[in-house]
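Scroll down for the structure; my scribbles are underneath it.
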Amino acid sequence: MLEIQRIRNDKNSIIEGLKKRHFNAESIIDELLSIDEKWRIYKSQMETTASELNQLSKEIGILFREGKADEANAIKGQTAELKAREADLKEKVEAFEAQIQERMYQLPNVPNELVKAGKSEEDNEMVEAHGEPVQFNFTPLPHWELATKLNLIDFELGVKITGAGFPVYIGKGAKLQRALIGFFLEEAAAAGYAEHQVPHVVNETSGYGTGQLPDKEGQMYHIGDDDLYLIPTGEVPLTNMYRGAMFPDDNFSIKLTGHTPCFRREAGSYGAHVRGLNRLHQFDKVEIVRIEHPSNSERALNEMLDHVKGLLQKLGLQYRVLRLCGGDTGFAAAMTYDFEVFSAAQEKWLEVSSVSRFDTFQSTRLKLRFKNADKKSQLCHTLNGSALALPRIMAAILENHQTEEGIIIPNALHKYTGFKTI
RNA sequence: GGAGAAAUGCCAGAGUGGUCGAAUGGACUGGUCUUGAAAACCAGCGUACCGCAAGGUACCGGGGGUUCGAAUCCCUCUUUCUCCGCCA
């Protein structure tokens with residue numbers, strides 16, 4: 001959520017910024033500001049009325065104590081009208097607040113100045129490329145064929161137990177998965193991220209805190225009996241641990257990591273390109289989250305990008321880094337970098353990581369603040385990234401490290417897998 | 001799942017209808033004292049919103065109600081604790 005203060009003061013630059021998303025914010029913001037103005041007027045009237053009422057009540061109290069019941073009862077008569085007026089004003093104020101909030105929730109984050117205007121992934125900018133696509137002297141197989149052939153993943157079994165998009169990993173497939181999780185967690189720990197095991201189910205407040213609600217209501221699995229949501233990413237519990245936090249000074253830097261399953265309904269997604277591991281309802285991920293002073297946000301983002309690059313390099317995967325254009329950047333993000341690995345077998349780029357800065361967009365809802373040098377509370381910046389998501393990395397390793405003799409496991413994983421080939 | 005108890009500021013903990021945004025102690029911040037520290041003493045010490053300001057409003061787990069007036073009474077929800085049952 002954007003800060004109302006910023007909308008009041010900086011309306012034009014927000015409207016301009018959101019144009020990069022092809023989001024026309026002008027009418028929403030104009031409505032917002034006009035409601036906001038009315039809200040302030042009515043709110044001020046309501047508070048004045050409340051003040052008068054409080055004053056009278058106080059007087060009544062004093063009169064009763066002094067034994068002047070008659071005078072007290074006389075004043076009582078005056079309160080009825082004030083009470084009615086206050087109730088009336090309160091109703092209006094609350095209605096305005098609801099209208100304001102409704103519009104606030106519609107406004108996406110303003111893209112960072114580096115982000116270019118654009119509509120879709122076509123307009124994303126490639127900012128870096130590392131390595132060359134793997135050359136094969138045979139026809140490489142896509143991972144779903146490899147996984148079946150080598151008995152690493154059973155998609156049908158998952159369908160039987162649950163449904164499509166819930167694969168069962170078997171034997172070396174399961175172990176490779178576990179090895180990757182271990183590797184990612186150790187690397188994150190070495191980079192200073194504190195490991196956490198968090199709940200995989202969250203309440204509604206947490207969903208709002210990180211912005212999955214109300215925007216992505218239908219994308220999360222909801223447990224009706226208990227009104228809880230299955231997490232779509234570890235970001236939700238990890239970031240929400242700090243909901244409502246107030247750091248006592250500006251000297252803080254929170255670096256969190258955790259491995260969680262992620263559950264996504266993927267309602268409305270196309271079925272065409274969802275074969276194998278490319279799109280699942282449940283997958284594992286190691287997430288990194290940072291809570292930073294605004295002035296440290298940019299550096300933190302770069303550190304996270306370097307971290308992800310390091311992981312991909314250690315896995316021997318060639319990759320490219322894209323800075324998403326306005327239209328492709330997620331609702332809550334100010335800037336997002338995607339990492340993609342090319343799959344020769346599928347002849348396409350697979351998105352394996354997404355690293356974003358949110359500036360204060362999440363912390364407004366989270367009420368995540370610090371005391372600045374002037375002893376004023378100020379909003380923190382939040383960032384997060386996948387480091388990394390398992391299925392597509394698994395797919396990339398199987399596809400890009402395949403030989404006619406089998407799959408070559410990258411050196412960095414040997415101590416976690418205990419085997420060097422599949 | 002059954003029975004009972006509780007939820008107050010950073011922490012502990014008072015407060016059962018009226019100058020209570022809330023005693024007291026601790027912690028913390030500043031000061032005095034000290035070569036320095038400790039101790040002692042003095043002062044300060046919640047958050048949010050509206051307002052140029054003065055100031056005002058709201059908040060004692062959440063929501064609702066009674067009342068001129070609610071931390072205090074009533075209803076409801078949530079959470080925590082204890083005991084019993086069940087169980088990894």
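Here the first sequence is numbered in our numbering, starting from 1 and rising by one per residue. All residues carry an ideal CB built from backbone N, CA and C; glycine is no exception.
For residue i, three-class secondary structure by DSSP
| i | result |
| --- | --- |
| residue 42 | helix |
| residue 383 | strand |
| residue 221 | coil |
| residue 169 | strand |
| residue 100 | helix |
| residue 4 | helix |
| residue 282 | strand |
| residue 195 | strand |
| residue 164 | coil |
| residue 128 | strand |
| residue 16 | helix |
| residue 421 | strand |
| residue 93 | helix |
| residue 272 | Unreliable placement is indicated for residue 272, whose pLDDT of 47 sits below 50; the coordinate value is still reported in the next sentence. Note: residue 272 maps to coil in three-state DSSP. |
| residue 388 | strand |
| residue 231 | coil |
| residue 290 | strand |
Outcome for residue i when other beta-carbon atoms lying within 10 angstroms are tallied against a minimum of 16
| i | result |
| --- | --- |
| residue 396 | buried |
| residue 304 | buried |
| residue 190 | exposed |
| residue 13 | exposed |
| residue 272 | In this prediction, residue 272 scores a pLDDT of 47, lower than 50, which makes its location untrustworthy; the coordinate-derived value is nonetheless stated afterwards. Exposed, since its Cβ has fewer than 16 Cβ neighbours within 10 Å. |
| residue 127 | exposed |
| residue 24 | exposed |
| residue 374 | exposed |
| residue 430 | There is simply no residue 430 to check, as the chain begins at 1 and stops at 422 in what is shown. |
| residue 111 | buried |
| residue 239 | buried |
| residue 58 | exposed |
| residue 400 | buried |
| residue 133 | exposed |
| residue 363 | buried |
| residue 130 | exposed |
| residue 264 | buried |
| residue 34 | exposed |
Selection from the options that minimises the alpha carbon distance to residue i
| i | options | result |
| --- | --- | --- |
| residue 308 | 278, 346, 354 and 266 | 354 |
| residue 251 | 370, 299 and 276 | 370 |
| residue 298 | 317, 222, 18 and 113 | 113 |
| residue 342 | 374, 381, 363 and 392 | 392 |
| residue 75 | 96, 86, 52 and 386 | 52 |
| residue 349 | 319, 325 and 334 | 319 |
| residue 291 | 100, 330 and 356 | 356 |
| residue 325 | 306, 20 and 170 | 20 |
| residue 5 | 144, 372, 361 and 159 | 361 |
| residue 120 | 66, 323, 107 and 102 | 323 |
| residue 384 | 258, 346, 281 and 365 | 258 |
| residue 280 | 266, 293, 287 and 288 | 266 |
| residue 428 | 27, 403 and 330 | As shown, the chain starts at 1 and ends at 422. That puts residue 428 outside it, with no answer to give. |
| residue 185 | 289, 247 and 30 | 289 |
| residue 312 | 246, 249, 412 and 284 | 412 |
| residue 294 | 254, 314, 310 and 287 | 254 |
| residue 366 | 332, 65 and 230 | 332 |
| residue 351 | 302, 31, 408 and 394 | 394 |
| residue 287 | 37, 388 and 163 | 388 |
| residue 345 | 141, 55, 359 and 2 | 141 |
| residue 80 | 103, 56 and 61 | 56 |
| residue 139 | 207, 347 and 231 | 347 |
The alpha helix (DSSP H) enclosing residue i, as first and last residue numbers
| i | result |
| --- | --- |
| residue 156 | 155–161 |
| residue 401 | No alpha helix (DSSP H) holds residue 401; DSSP gives it neither H nor E. |
| residue 148 | 143–149 |
| residue 308 | 297–314 |
| residue 416 | 411–417 |
| residue 236 | 235–240 |
First through last residue of the beta strand (DSSP E) which encompasses residue i
| i | result |
| --- | --- |
| residue 261 | 253–263 |
| residue 203 | 201–203 |
| residue 359 | 348–359 |
| residue 342 | 335–343 |
| residue 319 | 319–323 |
| residue 370 | 369–371 |
Any non-hydrogen atom of the ligand HEM within 7 Å of residue i CB
| i | result |
| --- | --- |
| residue 126 | The ligand HEM is not part of this structure, which contains no ligands at all. |
Validate contact between the stretch 408–417 and the stretch 168–187 using beta carbons, cut 8 Å, 3 pairs: yes
Sufficient close CB pairs (3 or more, under 8 Å) joining the stretch 220–227 to the stretch 197–207: yes
Three or more C-beta pairs below 8 Å linking the stretch 230–238 and the stretch 210–221: yes
Three CB pairs or more closer than 8 Å across the stretch 327–340 and the stretch 150–165: no
Three-pair Cβ contact test at 8 Å for the stretch 113–125 versus the stretch 67–84: no
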